[in-house]
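Q:
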Amino acid sequence: MSHNLPELPYAYNALEPYFDAQTMEIHHTKHHQTYVDKLNGALEGHANLQNKSVEDLLRDLDAVPAGIRTAVRNHGGGHFNHSFFWPMLRKETRYGGGVADAINSTFGGFDKFKDQFSNAAALLFGSGWAWLAWSNNELQIVTTPNQDNPISQGKTPILGIDVWEHAYYLKYQNRRPEYINAFFNVINWDKVNEYFKAAKG
Ligand code: MN3
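So this is what it looks like as structure tokens:
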């Protein structure tokens, strides 16, 4: 079995003006494709690992042979993170549902959550992701470097933002906080609610 680049569930320009079409196309066809290709390359000759989902690989990186562990962590993480990210984006969806209730009770309302999440994403040094994750029956804001994912720490991502420069540099250059603010206009809360329900089990 080899891993494949998933189709985007919308056109490259669907998130304009918040996320521009050129960034979306390069991000999907070049960056995400490269993670897929390099993951497949790393798994060549490891038939037992090729049968595992990328989620299972990341959940137990210690089970991956040391010689390819870093490649699986980085490229498998890149594939998993972007596959999670694309369907979590959409314009014109409304904050609501069970996840909104949980966010309101955990953080004291949407605005406070947005502030805390945005600060975490803005302050993350270098490349990485900020997440809202489900852990020990509660919501937490966590950040991960590079292409790491909370599932490698036993936490389940509910919502995430890619703060690698490739995600925003063409439109926002060095203004990461503007990109983070724009992100809040393209969160597909229906999908976040799905992720939340699945995480709670
Ligand atoms: Mn990216």
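Okay, so the sequence shown: first residue is 104 according to our numbering, each after it adds one.
Built from N, CA and C at the ideal position, the CB exists for glycine as well.
All values reported here derive from a predicted model rather than from experimental measurement.
1) May I have all residues whose beta carbon comes closer than 6 Å to any heavy atom of the ligand MN3, sorted in chain order?
2) Output yes or no for whether 8 Å exceeds the beta carbon distance between Trp237 and Thr246.
3) For Ala233, which three-state DSSP category applies?
4) Given 8 Å as the limit, is there contact between the stretch 280-295 and the stretch 115-127, that is, 3 or more CB pairs closer than that?
5) From Phe216 to Asp204, what distance separates their C-alpha atoms?
6) Distance, Cα to Cα, Thr132 vs Asn240?
7) Return the chain-ordered list of same chain residues with a C-beta closer than 7 Å to the C-beta of Leu161, the five sequence neighbours on each side being excluded.
8) Is the stretch 284-293 touching the stretch 190-209 in the sense that three or more CB pairs, one from each, lie closer than 8 Å?
9) Are Val139 and Leu108 close, meaning C-beta to C-beta below 8 Å?
10) Under 7 Å Cβ to Cβ from Ala223, same chain only, skipping five residues before and after it: list those, please.
11) Less than 8 Å between the C-beta atoms of His106 and Asn143, yes or no?
A: Taking the definition as stated:
1) His130, His134, His185, Asp265, Trp267, His269, Ala270
2) Working through the sequence shown from its first residue, we reach residue 237 at position 134. Working through the sequence shown from its first residue, we reach residue 246 at position 143. Going by C-beta atoms, Trp237 is not nearer than 8 Å to Thr246.
3) As a position in the sequence shown, residue 233 is number 130, starting the count at 1. Reduced to three states, the DSSP call for Ala233 is strand.
4) yes
5) Here residue 216 corresponds to residue number 113 of the sequence shown, with the count starting at 1. Here residue 204 corresponds to residue number 101 of the sequence shown, with the count starting at 1. If you take the alpha carbons of Phe216 and Asp204, they lie about 12 Å apart.
6) One-based indexing of the sequence shown puts residue 132 at position 29. One-based indexing of the sequence shown puts residue 240 at position 137. About 36 Å.
7) As a first step, residue 161 must be located in the sequence shown, where it is residue number 58. So the qualifying residues of the chain are Gly179, Gly180, Phe183, Asn252, Ile254, Ser255.
8) yes
9) If you number the sequence shown from 1, residue 139 lands on position 36. If you number the sequence shown from 1, residue 108 lands on position 5. Cβ distance < 8 Å, so Val139 and Leu108 count as in contact.
10) Here the question's residue 223 lines up with position 120 in the sequence shown. Result list for Ala223: Ala233, Ile244, Thr246, in chain order.
11) Here residue 106 is taken as the residue at index 3 of the sequence shown, counted from 1. Here residue 143 is taken as the residue at index 40 of the sequence shown, counted from 1. Yes; because the gap between Cβ atoms is below 8 Å, this pair is in contact.
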